[in-house]
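Following: one structure in structure tokens, then a few remarks.
Numbering (this note's numbering), first residue to last: 2 to 334.
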């Protein structure tokens, strides 16, 4: 089968023929129909992210995967061949979470293996390209909003970074009833997209009056929650300056840079909080699939383009350059 594999020592990405895997006990094999291209994949390729538990020097990338079950391992009965599914972005083994496409082979391939309990059925009318992005581009902001951020209806909320995850955060915040929703991004096209996805106000982070404008739109109180999807130190400083009393800063974007709070006394006096966030739990995928099935949310605007698997490197390059301002690029084997 065809697979896009990364050598984590040389950081070379190669699309090549490899043996088709056979499912072992407790596993299923899916015929991949769509696989998302994420900034995490870019970070693996450029070396800013490295696998923690990879047993070899090479791995098939891709943690956003959807397709059809085409083979079952021994004793697997809860899943049926022919079933349309998406795959959780990782699996737990002896208390340790392994990430698909990072610590073990992912879905940038014609076939992928998965533990049977990480398979999530999807509705027949949900296109595979949209289903594939749910396990990260959608589930990560959904978990950040509902679990880590604990956003409640009518709370004013801000989103810094309206890219692949942040744009979905805007859409999901509107779904849960946050109001107003403020989106901050340096790119005009990203700000326009945030408006289209449901933001009430969009701002350029270079605007010197940004904190004041946030307080104006929130009746003087500031934000109950601010989500950093950019992973940039300056963003976090700016977001803190916009928080209300008891407001919480939720860190979703990843960075190795230190977190600095300039006015620590005020931060403590107003009892503000910093909350770290990573990924999502299995129930978040189930919730999102149910919301899609009941027509509460739609991801038809989220897939910017679909490319054949053989052009995986081109998809990565386009994402690095932000060519066409993509929400999500998807590979199709």
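We put the beta carbon where it would ideally sit given N, CA and C, even for glycine. Keep in mind it's a predicted model, so treat the numbers as computed, not measured.
- A contact between stretches requires three or more CB pairs, one per stretch, nearer than 8 Å, and the segment 151-161 meets this requirement with the segment 178-190.
- Proximity of the segment 138-156 to the segment 113-121 falls short of the contact definition, fewer than three beta-carbon pairs being nearer than 8 Å.
- By the Cβ-count criterion, residue 274 is exposed, with fewer than 16 other Cβ atoms from all chains shown falling within 10 Å of its own Cβ.
- In the structure shown, residue 251 falls within a strand segment according to DSSP collapsed to helix, strand and coil.
- In terms of Cβ geometry, residue 88 and residue 136 form a close pair [threshold 8 Å].
- Shown here, residue 207 sits in coil according to DSSP, grouped into three states, outside any helix or strand.
- The three-state reading of DSSP puts residue 23 in coil, since its state is none of H, G, I, E or B.
- Comparing alpha-carbon positions, the option among 213, 13, 281, 319 lying closest to residue 100 turns out to be 281.
- For residue 28, the uninterrupted beta strand (DSSP E) segment begins and ends at 28-38.
- Per DSSP, the continuous alpha helix (DSSP H) segment holding residue 176 begins and ends at 165-177.
- Assignment of beta-bridge partners to residue 93 by DSSP yields 98.
- Cα atoms of residue 196 and residue 245: separation of roughly 23 Å, rounded to the nearest angstrom.
- Judged by DSSP in its simplified three-state form, residue 290 adopts helix.
- Ranked by Cα distance from residue 264, the first of 309, 272, 167 is 272.
- The beta carbon of residue 240 sits closer than 7 Å to the beta carbons of 159, 161, 227, 229, 250 from its chain, once the five residues preceding and following it are set aside; these are given in chain order.
- Here residue 260 carries a coil assignment [DSSP, helix/strand/coil].
- Spanning the alpha carbons of residue 72 and residue 80 requires a straight line of approximately 10 Å.
- For residue 268, the enclosing alpha helix (DSSP H) stretches over residues 265-270.
- Taking the C-beta atoms as reference points, residue 5 is found nearer than 8 Å to residue 109.
- Three or more Cβ pairs closer than 8 Å define a contact, and the segment 164-178 meets that threshold against the segment 292-304.
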